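Residue numbers (the working numbering), protein chains in the order written: chain A, 111 to 511; chain B, 7 to 502. Even glycine gets a Cβ: it sits at the ideal position worked out from N, Cα and C. Only a predicted model underlies this, so the values are computations on that prediction, with no experimental measurement involved. Notes for the one structure printed next.
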Amino acid sequence: MSAVLPPEGSVDLEPSPPGGGQGGGAVAPTQAPTPALTQRGRGTSLLTGKGWSAFIIVLIAVCAVAPLLNLVVPQGSVFHMSDYAVALVGKIMCYAICALAMDLIWGYTGILSLGHGLFFALGGYAMGMYLMRQIGREGNYKSDLPDFMVFLDWKALPWHWALSDSFIATLIFVVAVPGLVAFVFGYFAFRSRIKGVYFSIITQAMTFAAMLLFFRNETGFGGNNGFTDFKRILGIPIATPSMRMVLFVLTGLTLLGFFLFARWLIASKFGRVLQAIRDAESRVMFSGYNPLGYKLTIWTISAIMCGVAGALYVPQVGIINPSEMSPANSIEIAIWAAVGGRATLVGPIAGAFIVNGAKSWLTVTHPEFWLYFLGALFIAVTLFLPDGVVGLVKQLKGGSK
Amino acid sequence: MASGETDARIEALNRAVAAADDKTAAFIQALADDAVKFAGDKVLLIRDGKGYDPVTGAESVVPESAEDVINNNRMRGELDLALAVLKLFSNDDKVRSEAIKALQSETDEARLPLIDKALAAETVPLLLEQLGLVRAAIWLNSADRVKRLEAARLLARSNSGNTKTALLERLKTETESDVRAALEGSLRTVEASLAWGDKLGAIFSGISLGSILLLVALGLAITYGLMGVINMAHGELMMIGAYATYVVQGLFQKYLPGAFDWYLVAAVPASFLASALMGAALERSVIRFLYGRPLETLLATWGISLMLQQLVRSIFGAQNVGVENPSWMSGGVQLMGNLQLPWNRIVIIGFAAAVLLAMAWLIGRTRLGLFVRGVTQNRPIASCMGVNTARIDTYAFALGSGIAGLAGCTLSQVGNVGPDLGQGYIVDAFMVVVLGGVGQLAGTVYAALGLGILNKFLEGWTGAVLAKIAVLVFIIVFIQKRPQGIFAMKGRSAEA
């Protein structure tokens, strides 16, 4: 692992070694749990002793070290973590949640979704609606309505904005809307036993259709421009360093929580059936299981995770628009998981950090090379690294032993 | 006629038209072309910088003080109409037909004597009928009740939007009840025929969109349908075809400007070859290592598509480039009053049909097609029979890519050519192949045309974006019902 991470940490957060350490921390548990995955049949605890200690180190890094370095350590110090680094790592942690969700459905169940960007955006839009209402009368037009509605000459909020000023309702929507969409779509798709590439292609059609829908002004979600110019959340100004840190810590905790949850899920009997479906669905059926319920459950869970990631992403990045739903974005989620290593839980998280770290570095220094790099990454990973970076590390370690 | 108040000039013009000969026609044409000058009471036609006397045709010197004749818009309109009336007596069928078209919105009864005269002289039945309609439209506002009745009756045969407006106008002011009834009857007939025109127009543009979809999807039908390779870079292979067309166009502009109209003839094979070569290279270098792993193929080809896009951006720039239609593809065929079929669309439909036939022949009748089908159906057995399966894979993939290039060449004639040309069509293309049923050429054809027509009809009804969404939702729902597409291969596999 250590062979891979330092360059990633240093590209990603050049001025701040702690950030690098932080990125390394997030990935460190690989060393413990991956061998455990193969050796341990049905373990009693979620992680091994080494795994737990790594997990706790990451937890401390996210909850204590990062805030301390960002807020307390003075700006000039080498140990200061810049606001840019906080924003970047926070954003990538949201992506990592998506990659984790993608791993559950693709790595463990063998269903490649090319529509996860939709769930991410739905969660983001649900949160964005609340943030738009929080602007209140401070928009350009000094109206109770969000600016884009005034611009479109609407007199009242459309029906689907009804509960958007309540934070509780928003939290419910963040989970319920992507969950419901995924459930309905998944129910019909899995019931008629659509699988493999067919499923991938219709999920792509789904997110493409949704993107077209959200691009229309009449849909009531700000059309092209989406939502932006957020002012506050729960009445507290959103752009202060402390608020950013709160969101950062929240995102980190969510990521770690989902990691533990996924760990528990795949080790459970439910998770074993999922993997059996991935490897030989017909045999699972012949053994008396109906895969529908299993696939549908993991599909919905995965969508909800993406929705939550989207909801955490929007207040940190400050904008949400329909291009988040473009098919390209959804495919990128798949490549994060593939780069890190499918069917390992740490892999996708590492993959999200590697790919997005490289992205934020390359698009600044060599913008014209970014697409070449990403394209080459797609090809190289599928051709040479079917098990991703984690697989490579495992192989290297095995070789040295 | 050349100078003075507009009203006086129009009156003079009309009198001149009523007693017209060739010289008057030439003079009016010159007036319309701003080629008349006058000095005092002397009027001169200007041709090639020399002055001519309009009556005798003798050459004369243009005085220094000669002024241009100024025509305002009203005068211009009158001049055009006068010319049209005069052209009714031309010996050329085409000129007469154009003149009739120009007169369609005419309602002035002063024109009647001339139109009657033209009617008497007309021999071509189609023009005779059209001219009759023009006369009927003028009669519509006649003071004579019988003529109005006759006009209302006659106009039912027309199918132009102008007639509908004229009938509606007259209905507003008409007082006689029997004329009203005749007017209303005709109006209904005209409206019905207009509606037909609209419907046929929608069907035509649907077929036209369908033929484009077909071209886009045909290549995929080979690479995905027959070979099972999910090629997300298909759109970029189309883009390469479009850029090949652009390059050929540039070469013609530079070295063969005289033959520019025929650059497309060279661009078709060029775009095929460019994309086919690229396809063969991709197959040899990447795709062959991924056979049997569809999801990995999907990701790898997506990566290829990103790289190709960036490559084109680096070479040609991120902006769209301009590809011009050759002149023989502009314009169109006027079928009905409100139905015009543009030539470029007709050419594309014909081209799509030709490509389809060529491909059906290639797959169904040639040795290469036999091998491709054999390898698809049973690779090991085909290999045992001495077929070089790896080479056949390359050929088949190159063929599919080449057809994508042809699709790109076609798209360059109807839309923008830019680095993200392919992105817009890739989802549609997969929809067509999936809907039609994998491995089924006939299914692909039906699905492409069906989707094209469905899309255009919905577009007329709900607008373009909603139509697109509705079509996508339709496909998603349809696949739930028939996961194997319209033409499913029958089998008893548990995996199906």
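Residue i and residue j look like a contact to me (Cβ under 8 Å); what is the Cβ gap, rounded to whole Å?
{"i": "glycine 408(B)", "j": "glycine 285(B)", "result": "7 Å"}
{"i": "leucine 222(A)", "j": "leucine 301(B)", "result": "5 Å"}
{"i": "histidine 240(B)", "j": "alanine 404(B)", "result": "About 13 Å separates the two Cβ atoms, so there is no contact after all."}
{"i": "tyrosine 218(A)", "j": "glycine 381(A)", "result": "7 Å"}
{"i": "valine 168(A)", "j": "leucine 366(A)", "result": "7 Å"}
{"i": "phenylalanine 361(A)", "j": "leucine 422(A)", "result": "Inspection of the sequence shows that residue 361(A) is occupied by threonine rather than by phenylalanine. Yes, threonine 361(A) and leucine 422(A) are in contact; Cβ-Cβ is about 5 Å, under 8 Å."}
{"i": "alanine 419(A)", "j": "cysteine 208(A)", "result": "5 Å"}
{"i": "proline 256(A)", "j": "glycine 336(A)", "result": "With 8 Å as the limit, proline 256(A) and glycine 336(A) do not qualify as a contact, their Cβ atoms being about 11 Å apart."}
{"i": "methionine 435(A)", "j": "leucine 273(A)", "result": "Incorrect: roughly 23 Å between the Cβ atoms, too far for contact."}
{"i": "alanine 5(B)", "j": "alanine 143(B)", "result": "Because chain B in this structure spans residues 7 to 502, residue 5(B) falls outside the shown range and cannot be described."}
Measuring straight from C-alpha to C-alpha, what distance separates residue i and residue j?
{"i": "aspartate 389(A)", "j": "leucine 370(A)", "result": "24 Å"}
{"i": "alanine 237(B)", "j": "glutamate 330(B)", "result": "The sequence as given places asparagine at residue 237(B); alanine does not occur at that position. Looking at the two C-alpha atoms, the distance is approximately 29 Å."}
{"i": "valine 235(B)", "j": "valine 479(B)", "result": "25 Å"}
{"i": "glycine 309(B)", "j": "valine 188(A)", "result": "38 Å"}
{"i": "leucine 147(A)", "j": "serine 392(A)", "result": "For leucine 147(A), the predicted structure reports a pLDDT of 41, less than 50, and the residue's modelled location is therefore unreliable. A value from the coordinates is still provided. Each residue's Cα considered, the two are about 25 Å apart."}
{"i": "glycine 442(B)", "j": "threonine 395(B)", "result": "27 Å"}
{"i": "isoleucine 441(A)", "j": "threonine 410(A)", "result": "18 Å"}
{"i": "glycine 330(A)", "j": "glycine 233(A)", "result": "16 Å"}
{"i": "glycine 130(A)", "j": "isoleucine 464(A)", "result": "At glycine 130(A) the pLDDT is 36, less than 50, meaning the model places this residue with poor confidence; the figure from the coordinates comes in the next sentence. Using only the alpha carbons, I get a separation of about 12 Å."}
{"i": "phenylalanine 230(A)", "j": "glycine 216(B)", "result": "34 Å"}
{"i": "proline 496(A)", "j": "alanine 490(A)", "result": "9 Å"}
{"i": "serine 253(A)", "j": "arginine 247(A)", "result": "5 Å"}
{"i": "leucine 460(B)", "j": "valine 253(B)", "result": "35 Å"}
{"i": "isoleucine 414(A)", "j": "valine 294(A)", "result": "13 Å"}
{"i": "valine 499(A)", "j": "alanine 448(A)", "result": "9 Å"}
{"i": "isoleucine 354(B)", "j": "serine 214(B)", "result": "7 Å"}
{"i": "glutamate 175(B)", "j": "valine 471(B)", "result": "36 Å"}
{"i": "arginine 488(B)", "j": "aspartate 399(B)", "result": "29 Å"}
{"i": "alanine 360(B)", "j": "glycine 424(B)", "result": "26 Å"}
{"i": "phenylalanine 318(A)", "j": "alanine 292(A)", "result": "15 Å"}
{"i": "glycine 403(A)", "j": "glycine 200(A)", "result": "34 Å"}
{"i": "threonine 313(A)", "j": "isoleucine 481(B)", "result": "11 Å"}
{"i": "phenylalanine 488(A)", "j": "lysine 469(A)", "result": "14 Å"}
{"i": "alanine 158(B)", "j": "glutamine 346(B)", "result": "26 Å"}
What is the residue span of the alpha helix (DSSP H) that residue i lies within?
{"i": "methionine 321(A)", "result": "306 to 325"}
{"i": "phenylalanine 277(A)", "result": "277 to 301"}
{"i": "histidine 240(B)", "result": "240 to 261"}
{"i": "glutamate 391(A)", "result": "391 to 396"}
{"i": "methionine 191(A)", "result": "Looking at the DSSP string, methionine 191(A) is not in any alpha helix (DSSP H), and its letter there is neither H nor E."}
{"i": "serine 352(A)", "result": "351 to 377"}
{"i": "asparagine 439(A)", "result": "437 to 450"}
{"i": "proline 275(B)", "result": "269 to 291"}
{"i": "threonine 195(B)", "result": "183 to 226"}
{"i": "glutamate 156(B)", "result": "151 to 160"}
What did DSSP end up calling residue i once you bin it into helix, strand or coil?
{"i": "threonine 338(A)", "result": "strand"}
{"i": "proline 496(A)", "result": "coil"}
{"i": "glycine 466(B)", "result": "helix"}
{"i": "valine 235(B)", "result": "coil"}
{"i": "glycine 501(A)", "result": "helix"}
{"i": "glutamine 141(A)", "result": "With a pLDDT of only 38 at glutamine 141(A), under the threshold of 50, the placement of this residue in the model should not be trusted; the figure read from the coordinates follows. Helix, per DSSP."}
{"i": "glutamine 185(A)", "result": "coil"}
{"i": "leucine 273(A)", "result": "coil"}
{"i": "glutamine 325(B)", "result": "coil"}
{"i": "isoleucine 429(A)", "result": "strand"}
{"i": "proline 348(B)", "result": "strand"}
{"i": "valine 424(A)", "result": "helix"}
{"i": "proline 347(A)", "result": "strand"}
{"i": "glycine 338(B)", "result": "strand"}
{"i": "valine 423(B)", "result": "strand"}
{"i": "asparagine 384(B)", "result": "coil"}
{"i": "proline 458(A)", "result": "helix"}
{"i": "alanine 266(A)", "result": "coil"}
{"i": "serine 407(B)", "result": "helix"}
{"i": "threonine 158(A)", "result": "coil"}
{"i": "isoleucine 221(A)", "result": "coil"}
{"i": "leucine 374(B)", "result": "helix"}
Please report whether the beta-carbon of residue i lies at a distance below 8 Å from any beta-carbon of chain D.
{"i": "glycine 309(B)", "result": "Considering every chain present, this structure includes no chain D. Its protein chains are A and B."}
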